Amino acid sequence: MTNRKAIRYAIYAALLYAISTPFSKVLLKEIPPVFMAGLLYLGAAIGMCLLKCFSKGKKEDGRPFTHKDYPYLIGMVVLDILAPVFLMIAISRSSAESVSLLNNFEIVATS
1 MTNRKAIRYA
11 IYAALLYAIS
21 TPFSKVLLKE
31 IPPVFMAGLL
41 YLGAAIGMCL
51 LKCFSKGKKE
61 DGRPFTHKDY
71 PYLIGMVVLD
81 ILAPVFLMIA
91 ISRSSAESVS
101 LLNNFEIVAT
111 S
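Rendered as structure tokens:
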């Protein structure tokens, strides 16, 4: 991947992330928060499938999971499911401004 292409992908990702909160706030007036979180996962899955289908890169084989990895893997999956559900509940109950600021802080706190 060229440097310009990587920068372009990073900008696209940032733009999509930036519009997701206000767009979610509008949709949450009609859609329940848990269903909205499911739609977020569906969109992410479709996007990843499209990337996988159209990627021309080499296939990289990673290290297989061991029994020591399973507690961390299960914890990661459970928390990754709960995070967007709680995010959608927070967006539906808070003002768009405060959720946007908290969402921006999340990037700083988790990096």
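Sequence positions in the sequence shown follow the numbering used here and run 1 to 111.
Cβ atoms here follow ideal geometry from the backbone N, Cα and C, with glycine treated the same way.
What you are looking at is a predicted structure, and each value in this text was computed from that prediction instead of being measured.
Through-space distance from residue j to residue i, alpha-carbon basis
i	j	result
Val155	Leu102	The chain is shown only over 1 to 111; residue 155 falls outside these bounds and no answer can be derived.
Ala13	Pro33	23 Å
His67	Ala96	43 Å
Lys29	Met76	30 Å
Coil, strand or helix - residue i by DSSP
i	result
Gly62	coil
Thr2	coil
Ile31	coil
Asp69	coil
Gly57	coil
Residue from the options whose Cα sits closest to the Cα of residue i
i	options	result
Gly38	Lys59, Met88 and His67	Met88
Tyr41	Val99, Gly62, Ser100 and Pro84	Pro84
Ile81	Lys29, Ser20 and Met36	Met36
- With a cut-off of 8 Å, do at least 3 Cβ pairs link the stretch 15-34 to the stretch 89-98? Contact between the stretch 15-34 and the stretch 89-98 is present, because at least three Cβ pairs lie under 8 Å.
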